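Numbering-wise, the numbering used here puts 146 at position 142 of the sequence shown, and it's gapless, one number per residue.
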Amino acid sequence: MRSPRLTIASSAGNFAGWVSRFSGRGRGETIRGRALLALYPRALTELAKDRDIILVSGTNGKTTTTANLARILADGTDELVTTSTFGANMSAGIAAALMEKPAHRLVVLECDELYLPEMYNALAPKVIVLLNLSRDQLHRTGEVRKVAALWRKTFTRDDVTLVIDRDDPFLEYAAGDAGHVLRVTFGGRRHPDAATCPACADLLSWATGDYECPCGLGSQLAQVRGDHRLSGPARNTVLAIEAARLMGGVVPVETAQELTEQAPDRVSTYHVGGVAVETRLAKNPESWRVALESITSTDVILAVNARGIDGLDTSWLWDVDYSPLLGKRVVCTGERRLDAAYRLHVQGINVEVAHTFAQAVSSSDKPVQAIASYTAFQDLAAQELGLRRAGGRQ
Ligand SMILES: [Zn+2]
Numbered sequence: 005m006r007s008p009r010l011t012i013a014s015s016a017g018n019f020a021g022w023v024s025r026f027s028g029r030g031r032g033e034t035i036r037g038r039a040l041l042a043l044y045p046r047a048l049t050e051l052a053k054d055r056d057i058i059l060v061s062g063t064n065g066k067t068t069t070t071a072n073l074a075r076i077l078a079d080g081t082d083e084l085v086t087t088s089t090f091g092a093n094m095s096a097g098i099a100a101a102l103m104e105k106p107a108h109r110l111v112v113l114e115c116d117e118l119y120l121p122e123m124y125n126a127l128a129p130k131v132i133v134l135l136n137l138s139r140d141q142l143h144r145t146g147e148v149r150k151v152a153a154l155w156r157k158t159f160t161r162d163d164v165t166l167v168i169d170r171d172d173p174f175l176e177y178a179a180g181d182a183g184h185v186l187r188v189t190f191g192g193r194r195h196p197d198a199a200t201c202p203a204c205a206d207l208l209s210w211a212t213g214d215y216e217c218p219c220g221l222g223s224q225l226a227q228v229r230g231d232h233r234l235s236g237p238a239r240n241t242v243l244a245i246e247a248a249r250l251m252g253g254v255v256p257v258e259t260a261q262e263l264t265e266q267a268p269d270r271v272s273t274y275h276v277g278g279v280a281v282e283t284r285l286a287k288n289p290e291s292w293r294v295a296l297e298s299i300t301s302t303d304v305i306l307a308v309n310a311r312g313i314d315g316l317d318t319s320w321l322w323d324v325d326y327s328p329l330l331g332k333r334v335v336c337t338g339e340r341r342l343d344a345a346y347r348l349h350v351q352g353i354n355v356e357v358a359h360t361f362a363q364a365v366s367s368s369d370k371p372v373q374a375i376a377s378y379t380a381f382q383d384l385a386a387q388e389l390g391l392r393r394a395g396g397r398q
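Structure follows, in structure tokens:
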């Protein structure tokens, strides 16, 4: 039974969300959640009561993995599953998602790294999936080790099971005091930000593609072993399958294999000036590295912005190795095109600069692929929608 206070606050939240949508200010989810929490701060706990909640967090792949896990769980349990929409992963967005279908027992929520302690305490989740930790939005989250230490301080009880990729030393450290941990290993990957041990600051030995430290970090055996050739999104799918199984979902071995093979990637094709441009989303050094490795065209566009969600601090540009672009023709665009172009120039890469993405595309007479930072990718997606709508009216 909902308390009267929750009912009133929910109605007020719904009204605020409706006003926001009606006045064209946005989709209204965040406003709705914000109004609810302002009127009734304990709403999260009440909305989560008697439900089975799974949280998904980490630097890369949260939104995709959350959607993926919700689908796998729904198929594996034949139950309806509520999940996050549009990547709204802080308290207000999570409150809005929980308000959506209060009768659904199973809930899969994406959670921002810094909000994870608060959501863990408020929602009492059964399972938390930790995908990876690497440098991201330096102005906001700071160093990776700070996030890992915050998580370690949080997970000291045995009322939750963490599902982690144990090949990430920061996750292994974060789970160090947790009661229940399901460790998944893929092996053969060196973490770009973990030269030293998150626990004791000693140099980690990475000789075998796996890490070792005299303090014992990483010595716990993994219960699940995945194929070392899997891509980042496919590894996240393996973690999602394990989480679904922990929640009672039935995922036969063949289904798991199929799901892993068709793991989603953040690649979209946008049409700019009549040219189809295969575009990869890259949000932080690790996702840039993965995106750069998958570029096959000789002409490449890099679109770099530095608005809030991209991270205002672009010093990470210097942490990425751009050697896959050597010998290619590269055009930088976006608000930080000059920062990006100078960085590439220093690495000896032929680089040009274009004011707009459309100009960058039109300067090439060959098939071109692009990598775009978060807001640059969103801008392209918005333009694509506009294009389609305009096409529909003709
Ligand atoms: Zn150590």
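Built from N, CA and C at the ideal position, the CB exists for glycine as well. Since we're looking at a predicted model, the values are computed, not measured.
Beta-carbon proximity of residue 400 to residue 12, cut-off 7 Å: Beyond the ends of the chain as shown, which are 5 and 398, falls residue 400; an answer cannot be given.
Straight-line Cα distance separating residue 377 from residue 366: 20 Å
Identified DSSP bridge partners for residue 200: 207
Inter-residue CB distance, residue 334 and residue 313 (contact presumed, cutoff 8 Å): Rounded, the Cβ-Cβ distance is 24 Å, inconsistent with contact.
Beta strand (DSSP E) runs contained entirely in the segment 87-121, provided each spans 3 or more residues: 110-114
Residue nearest to residue 199 in terms of C-alpha spacing, selected from 226, 233, 148 and 245: 148
Range covered by the beta strand (DSSP E) that runs through residue 333: 333-337
Residue 272 vs residue 373 beta-carbon contact at 7 Å: no
Rounded separation between residue 397 and residue 91 - CA only: Note that residue 397 scores a pLDDT of 32, beneath 50, so its modelled location is shaky; the value from the coordinates is reported in the next line. When rounded, the distance between both Cα atoms is 30 Å.
Sequence ranges, alpha helix (DSSP H) only - wholly within the segment 252-310, length at least 4: 257-265 and 289-297
Per DSSP, the bridge partner or partners of residue 363: Bridge partners of residue 363: none, in fact.
Any 3 or more C-beta pairs closer than 8 Å across the segment 195-211 and the segment 252-263: no
Environment of ligand 1 in chain order, Cβ to heavy atom below 6 Å: 201, 203, 204, 206, 217, 219 and 221
Local conformation of residue 330 per DSSP, three classes: coil
Among 224, 126 and 128, nearest to residue 169 - alpha-carbon criterion: 224
Given 8 Å, three or more beta-carbon pairs between the segment 284-297 and the segment 321-328: yes
Cβ neighbour criterion (16 or more within 10 Å) applied to residue 257: exposed
Neighbour-count burial assignment, residue 370, 16 or more Cβ in a 10 Å radius: exposed
Where residue 163 falls, given that 16 or more other Cβ within 10 Å makes a residue buried: exposed
Buried or exposed by the 16-neighbour rule on C-beta atoms within 10 Å, applied to residue 189: buried
Beta-carbon proximity check, residue 167 vs residue 186, cutoff 7 Å: yes
Length of the line joining the Cα atoms of residue 218 and residue 177: 14 Å
Counted within 10 angstroms of its Cβ, other Cβ atoms place residue 26 as buried (16 or more) or exposed: exposed
Alpha carbon of residue 350 to alpha carbon of residue 221, nearest angstrom: 37 Å
Entirely enclosed alpha helix (DSSP H) segments - the segment 135-183, minimum 4 residues: 142-145, 148-158 and 173-178
Backbone CA spacing between residue 41 and residue 283 [nearest angstrom]: 38 Å
Residue interval of the beta strand (DSSP E) (run including residue 325): It is not in any beta strand (DSSP E) - residue 325 carries neither H nor E in the DSSP assignment.
Span of the beta strand (DSSP E), counted from its first residue to its last, around residue 61: 56-61
Cβ-Cβ distance between residue 67 and residue 33 below 7 Å: no
Closest by C-alpha distance to residue 118, when choosing among 279, 134 and 50: 134
Selected residue, minimal CA-CA separation from residue 209, among 171, 241 and 239: 171
Segments assigned alpha helix (DSSP H), at least 4 residues, entirely inside the segment 8-51: 8-26 and 33-43
Exposure label - residue 243; buried when at least 16 CB within 10 Å: buried
Secondary structure of residue 212, DSSP reduced to three states: coil
Closest Cα partner of residue 47 within the set 270, 83, 123 and 75: 123
Length of the line joining the Cα atoms of residue 286 and residue 375: 7 Å
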